[in-house]
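**Student:**
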Amino acid sequence: MSDEKEMSFLGHIGELRAHLVRSIIAIVVMATIVGFNINWVMDHIFFGPTRADFFTFKVVNHFSRELTGADSFVLPATFSVQQKQLFQQFNVMMAVSIFSGAVLAFPYIVWEIWRFISPALRPVERKNSIFYINSVWILFMLGVLTGYFLILPFAINFGLLFKVSDNIVQLFDLSDYTTLFLQVTLGMGVVFLFPIAVYILTSIGILTPSFLRTYRRHAIVLIMVVAAIITPADVLSMMAAALPLVLLYEISVIMSNVIYKKMLKQNPANKDLTKL
Numbered sequence: 056m057s058d059e060k061e062m063s064f065l066g067h068i069g070e071l072r073a074h075l076v077r078s079i080i081a082i083v084v085m086a087t088i089v090g091f092n093i094n095w096v097m098d099h100i101f102f103g104p105t106r107a108d109f110f111t112f113k114v115v116n117h118f119s120r121e122l123t124g125a126d127s128f129v130l131p132a133t134f135s136v137q138q139k140q141l142f143q144q145f146n147v148m149m150a151v152s153i154f155s156g157a158v159l160a161f162p163y164i165v166w167e168i169w170r171f172i173s174p175a176l177r178p179v180e181r182k183n184s185i186f187y188i189n190s191v192w193i194l195f196m197l198g199v200l201t202g203y204f205l206i207l208p209f210a211i212n213f214g215l216l217f218k219v220s221d222n223i224v225q226l227f228d229l230s231d232y233t234t235l236f237l238q239v240t241l242g243m244g245v246v247f248l249f250p251i252a253v254y255i256l257t258s259i260g261i262l263t264p265s266f267l268r269t270y271r272r273h274a275i276v277l278i279m280v281v282a283a284i285i286t287p288a289d290v291l292s293m294m295a296a297a298l299p300l301v302l303l304y305e306i307s308v309i310m311s312n313v314i315y316k317k318m319l320k321q322n323p324a325n326k327d328l329t330k331l
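Going by this note's numbering, 162 is the number at position 107 of the sequence shown; the sequence numbering is gapless.
1. Quick one: residues in its chain with C-beta nearer than 6 Å to the C-beta of Met62, no 5 flanking neighbours on either side, listed in chain order?
2. Would you tell me roughly how many angstroms separate the C-alpha atoms of Phe77 and Ser155, rounded to the nearest one?
3. What does the alpha-carbon distance come out to for the pair Ser135 and Phe236?
4. Taking the continuous alpha helix (DSSP H) assigned at His117, which residues delimit it?
5. Taking the beta carbon of Leu130 as the centre, do at least 16 other beta carbons fall within 10 Å, making it buried, or is it exposed?
6. Whole angstroms are fine: how far does the CA of Ile100 sit from the CA of Thr133?
7. Specify the secondary structure class of Asp289 as computed by DSSP and reduced to three states.
8. State the CB to CB distance for the pair Pro250 and Leu298, rounded to an integer number of angstroms; the pair is presumed to be in contact (CB under 8 Å).
9. Distance check for Ala157 and Asn146, CA to CA, integer angstroms please.
10. Going by DSSP, what residue range makes up the alpha helix (DSSP H) through Met149?
11. Residues bridged to Asp228 by DSSP?
12. Specify the secondary structure class of Arg106 as computed by DSSP and reduced to three states.
13. So what does DSSP say about Asp221, is it helix, strand or coil?
14. From the DSSP output, in three-state form, read off Thr263 for me.
15. What did DSSP end up calling Ala73 once you bin it into helix, strand or coil?
16. Where Thr269 and Ile275 are concerned, what is the direct C-alpha to C-alpha distance, given to the nearest angstrom?
17. Go through the region 178 to 214 residue by residue and report every complete run of the beta strand (DSSP E) that reaches 3 residues or more, in order.
18. What do you get for Ile193, buried or exposed, if any count of 16 or more other CB atoms within 10 angstroms of its CB means buried?
19. Leaving aside the five residues before and after Ala283 along the sequence, list all residues of the same chain whose C-beta is less than 6 Å from its C-beta, in chain order.
20. In whole angstroms, what separates the C-alpha of Asp289 from that of Val253?
21. Could you check where the alpha helix (DSSP H) with Val253 kicks off and where it finishes?
22. According to DSSP, is Met56 part of a helix, a strand, or is it coil?
23. Out of Val179, Leu207 and Val96, which one is the CA nearest neighbour of Ile153?
24. So Val191 packs on Leu248, CB below 8 Å; how close in whole Å?
25. Using 10 angstroms around the beta-carbon of Thr123, count the other beta-carbons present and answer buried if the total reaches 16, otherwise exposed.
26. Measure the CB-CB distance between Phe128 and Asn212 and report whether it falls below 7 Å.
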């Protein structure tokens, strides 16, 4: 009997390894594709938020001209970036390629995770889990896009225009800009998964909507701290990051309430827990 259990455990380990290997291969394939097109990716995507014709700047300036007759964002004609280390461009290429590969392969990675856990689910649970599995990669992608189109432009605009002296020449370090880019986009992608964490914790009975409502003010303070960590020091980009996170928190409260009520209907004995 113990041998069967051991073989079963080893079988699960082998299956998990197979899923992980396929996920890594997907990242490598996507990263390779990005690497072969790195010049286009760097010019049009990586440095896109530094140009005046970036989508966010054009939209904001369009409405600004309609309301005030002037542009709200006026960026310099050039964004000068310097290389300080011999292999800095190569390291940045590898970082951007791997990051882009992971982002592009993320839906497939989530699918591989679902394939691993789905055999352990009942048919009803498997059917319901499809929606939440898809929500994982959709929320992650929304977070990355929010960081790229909303937070990065505001942060870059602030960094370019803020001056303490006209004698200072702006020459930006390539690694510093790369860190900002990855920190904002990846950070927003991760924090956008908060509703998924709420769903899991509520489903296993650790979290309740009553708890989320009671500590809403504390959560908002924590959200501001997280937004300050993800973004640079300026208030504008921090608020741009905090607002969608507050909205996600409110959505999570509603979702937790729906899940909790459903759990009470399925098991009335839980009514002695924290009241809604």
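Don't be surprised by glycine CBs; every beta carbon is placed ideally from N, CA and C.
**Tutor:** Taking the structure as given:
1. The count along the sequence shown starts at 1 and reaches residue 62 at position 7. Note that Met62 scores a pLDDT of 47, beneath 50, so its modelled location is shaky and nothing firm can be said.
2. As a working note, residue 77 is residue 22 in the sequence shown. As a working note, residue 155 is residue 100 in the sequence shown. Inspection of the sequence shows that residue 77 is occupied by Arg rather than by Phe. Rounded to the nearest angstrom, the two C-alpha atoms are 17 Å apart.
3. Here residue 135 refers to the residue found at position 80 when the sequence shown is read from its first residue. Here residue 236 refers to the residue found at position 181 when the sequence shown is read from its first residue. If you take the alpha carbons of Ser135 and Phe236, they lie about 16 Å apart.
4. As a working note, residue 117 is residue 62 in the sequence shown. Segment Phe110 to Thr123, the alpha helix (DSSP H) holding His117.
5. Here residue 130 refers to the residue found at position 75 when the sequence shown is read from its first residue. With 16 or more other Cβ atoms within 10 Å, it is buried.
6. Against the sequence shown, residue 133 aligns to sequence position 78. Against the sequence shown, residue 100 aligns to sequence position 45. Going by the C-alpha atoms only, they are around 16 Å apart.
7. Locating residue 289 in the sequence shown gives position 234, where the first residue counts as 1. Asp289: coil per DSSP, three-state reduction.
8. Counting from 1 along the sequence shown, the entry for residue 250 is found at position 195. Counting from 1 along the sequence shown, the entry for residue 298 is found at position 243. Between Pro250 and Leu298 the beta-carbon gap is near 16 Å, outside 8 Å, which marks them as no contact.
9. Along the sequence shown, one-based indexing puts residue 146 at 91. Along the sequence shown, one-based indexing puts residue 157 at 102. In a straight line, the C-alpha of Asn146 is about 17 Å away from that of Ala157.
10. Position 94 of the sequence shown, counted from the start, is the residue given in the question as residue 149. Gln143 to Ile172 is the span of the alpha helix (DSSP H), which, as asked, contains Met149.
11. The residue you call residue 228 lines up with position 173 of the sequence shown. Note: Asp228 sits in a beta bridge opposite Gln137.
12. What you label residue 106 is simply residue 51 of the sequence shown in a count that begins at 1. Coil.
13. Locating residue 221 in the sequence shown gives position 166, counting from the first residue. Coil at Asp221, not helix or strand.
14. In the sequence shown, the residue the question calls residue 263 occupies position 208. Reduced to three states, the DSSP call for Thr263 is coil.
15. Within the sequence shown, numbered from 1, the residue matching residue 73 stands at position 18. Helix.
16. On the sequence shown, position 214 is the one that residue 269 refers to. On the sequence shown, position 220 is the one that residue 275 refers to. Take the alpha-carbon of Thr269 and the one of Ile275: they are about 12 Å apart.
17. none
18. Residue numbering aside, residue 193 sits at position 138 when the sequence shown is read from its first letter. Classification of Ile193: exposed, given that the 10 Å Cβ count is below 16.
19. Against the sequence shown, residue 283 aligns to sequence position 228. If we look at Ala283 and ignore the five residues flanking it on each side, its Cβ neighbours are Met293.
20. Along the sequence shown, one-based indexing puts residue 289 at 234. Along the sequence shown, one-based indexing puts residue 253 at 198. If I take the Cα positions, the gap works out to 29 Å.
21. Taking the first residue of the sequence shown as position 1, residue 253 is located at position 198. Start and end: Phe249 to Ser258.
22. Counting from 1 along the sequence shown, the entry for residue 56 is found at position 1. With a pLDDT of 41 at Met56, under the threshold of 50, the modelled position of that residue is not reliable, and the figure given next carries that caveat. It is coil, neither helix nor strand.
23. The count along the sequence shown starts at 1 and reaches residue 153 at position 98. Taking only the C-alpha atoms, the option nearest Ile153 is Val96.
24. Along the sequence shown, one-based indexing puts residue 191 at 136. Along the sequence shown, one-based indexing puts residue 248 at 193. Yes, they are in contact, since the Cβ atoms of Val191 and Leu248 sit about 7 Å apart, within 8 Å.
25. Along the sequence shown, read from residue 1 onward, the residue named residue 123 stands at position 68. That one is exposed.
26. Residue mapping note: residue 128 aligns to position 73 of the sequence shown, counting from 1. Residue mapping note: residue 212 aligns to position 157 of the sequence shown, counting from 1. Yes.
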